[in-house]
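This report concerns only the one structure given below.
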Amino acid sequence: MLLHPTDSVAVIFCAQRTGVDDEAYQAAAAAMGALAAQQPGYLGEDHARSADGLGITVSYWRDDASAKAWRDHPEHAHIRDQGRDKWYSEYSLHVARVERGYDWQK
7 MLLHPTDSVA VIFCAQRTGV DDEAYQAAAA AMGALAAQQP GYLGEDHARS
57 ADGLGITVSY WRDDASAKAW RDHPEHAHIR DQGRDKWYSE YSLHVARVER
107 GYDWQK
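For the sequence shown, my numbering begins at 7 and goes up steadily by one.
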């Protein structure tokens with residue numbers, strides 16, 4: 007189970023996929039997930055995608071500096087540019103402080 011410590015930072019990325027070049031998108035998404043997990047301050051992520059291509063990914067970071075370092079990572083910036091060019095028709099990104107969190111599992 008993924009734990010989200012209080013006083014961490016959540017980066018909430020909501021995007022609508024275009025459906026263009028799905029195989030390349032899937033490879034890039036997997037590569038970015040693996041690369042993010044190697045970054046200092048990375049705590050984990052949650053994600054979901056609807057059948058119509060709307061996706062939400064929430065990544066959790068120890069602090070704002072860690073989240074900004076990921077934003078500025080050269081490989082991430084390169085993939086972000088590709089996303090803007092062909093994989094997304096629109097997206098929004100929000101950064102929030104996690105004050106408390108709860109998990110439940112049956």
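Think of the CB as a built atom: it goes at the ideal place given N, C-alpha and C, for glycine as much as any other residue.
- prompt: At which residues does the beta strand (DSSP E) containing Trp67 begin and terminate?
  reply: Element bounds for Trp67: Leu60 to Trp67.
- request: Count the other CB atoms, across all protein chains shown, that sit within 10 Å of the CB of Thr12; report buried if there are 16 or more and exposed otherwise.
  value: Counting Cβ neighbours within 10 Å, Thr12 comes out exposed, since fewer than 16 surround it.
- prompt: With DSSP run on the structure shown, which of helix, strand or coil describes His100?
  reply: Look at His100 here: in three-state DSSP terms it is strand.
- request: Out of Ala21, Tyr94 and Arg77, point me to the one whose CA is closest to Trp67's CA.
  value: Of the listed residues, the one whose Cα sits closest to Trp67 is Arg77.
message: Can you give me the C-alpha to C-alpha distance between Arg55 and Pro80, rounded to a whole angstrom?
response: Arg55 and Pro80: Cα-Cα distance of roughly 26 Å.
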